[in-house]
Amino acid sequence: MLLSIIRVYPSPENEHATIDVLSSMKGPLSALTDCLDCFILSERAGDNAVCYMEIWKNSEGLNDHLRSALYARVLEAMELSQSPPIVEFFELKKIGGLEWIESIRTPMR
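Note that the UniProt record's numbering numbers the sequence shown so that position 14 is 14, with each residue one more than the last.
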């Protein structure tokens with residue numbers, strides 16, 4: 001599983017446009033079997049960053065997406081950033097869910 005995290009720093013005038021551009025990704029990405037989800041978070045404290053995340057099943061799907069015309073929307077949002085955007089890719093390993101939290105929080109007998 002792969003995670004893409006992009007932080008952009010739009011001016012107050014461009015924040016709405018940035019969020020609109022990134023929000024437009026949700027529908028098309030939901031049609032791709034290799035894309036598991038995408039999220040947009042808007043930070044209100046500090047630098048007012050807009051954080052855009054995509055979760056991919058495999059590198060082939062992510063690589064195809066990075067080469068696609070659709071990804072031009074993400075690049076457009078990055079161009080609205082007042083300072084250099086932060087772009088990071090991570091390889092993830094699922095270690096559990098709610099049951100994992102429960103096992104950690106349950107006292108040993």
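All C-beta atoms, glycine included, are put in the ideal place defined by N, C-alpha and C.
Distance check between residue 33 and each of 11, 22, 64 and 6 places 64 closest, using alpha-carbon atoms only.
By the criterion of a C-beta distance shorter than 8 Å, residue 12 is surrounded in its chain by 48, once the five residues flanking it on both sides are discounted.
According to DSSP, residue pairing for residue 53 in a beta bridge involves 5 and 39.
The straight-line gap separating the alpha-carbon atoms of residue 15 and residue 108 is approximately 49 Å. The stretch 85-101 and the stretch 1-8 touch, with no fewer than 3 CB-CB distances between them shorter than 8 Å. For residue 95, there is no enclosing beta strand (DSSP E), as DSSP gives it neither H nor E. Residue environment: residue 56 is assigned as buried (16 or more neighbouring CB atoms within 10 Å of its CB, all protein chains considered). In the three-state reduction of the DSSP assignment, residue 85 falls in the coil class, being assigned neither a helical nor a strand state.
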